[in-house]
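In short: position in the sequence shown from 1, add 45, done, that's our numbering. Quick notes on the structure that follows.
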Amino acid sequence: MKPYSAQVESTFLPFGGRYIVRGGKIRGLEGDGPNGGMVVIEFDSKEKAQAWYDSPAYRKLMPIRHQSATSRVYIVEGTVIQPGH
Numbered sequence: 046m047k048p049y050s051a052q053v054e055s056t057f058l059p060f061g062g063r064y065i066v067r068g069g070k071i072r073g074l075e076g077d078g079p080n081g082g083m084v085v086i087e088f089d090s091k092e093k094a095q096a097w098y099d100s101p102a103y104r105k106l107m108p109i110r111h112q113s114a115t116s117r118v119y120i121v122e123g124t125v126i127q128p129g130h
């Protein structure tokens with residue numbers, strides 16, 4: 046997975062992507078959690094997230110990820126929650 050990890054950030058930076066969560070221990074409280082690690086990348090819009098996923102640079106890395114790990118990829122829309130709400 047290191048070849049993928051070493052290159053993936055350079056594919057999402059041009060789309061405004063940024064790591065929110067990268068690695069660390071996961072402790073499930075309810076339901077089945079992921080096996081291994083978790084990565085959350087934030088984008089300013091679902092369109093930018095989709096454009097990154099469809100980009101030639103990221104498509105080039107996909108086979109490395111597929112060979113190295115079993116993973117799930119989602120685009121999740123959300124809103125910014127202000128503190129205290």
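Every residue gets a Cβ at the ideal spot worked out from N, C-alpha and C, and that includes glycine.
Using a Cβ-Cβ distance cut-off of 8 Å, the stretch 59-69 and the stretch 78-97 are in contact, since at least three pairs of beta carbons, one from each stretch, lie closer than that value.
Beta-bridge analysis with DSSP links residue 87 to 63. For residue 81, the closest alpha carbon among the candidates 124, 109, 65, 116 is that of 116.
Look at the beta carbons and you see the stretch 116-128 not touching the stretch 67-77: under three pairs across the two are nearer than 8 Å.
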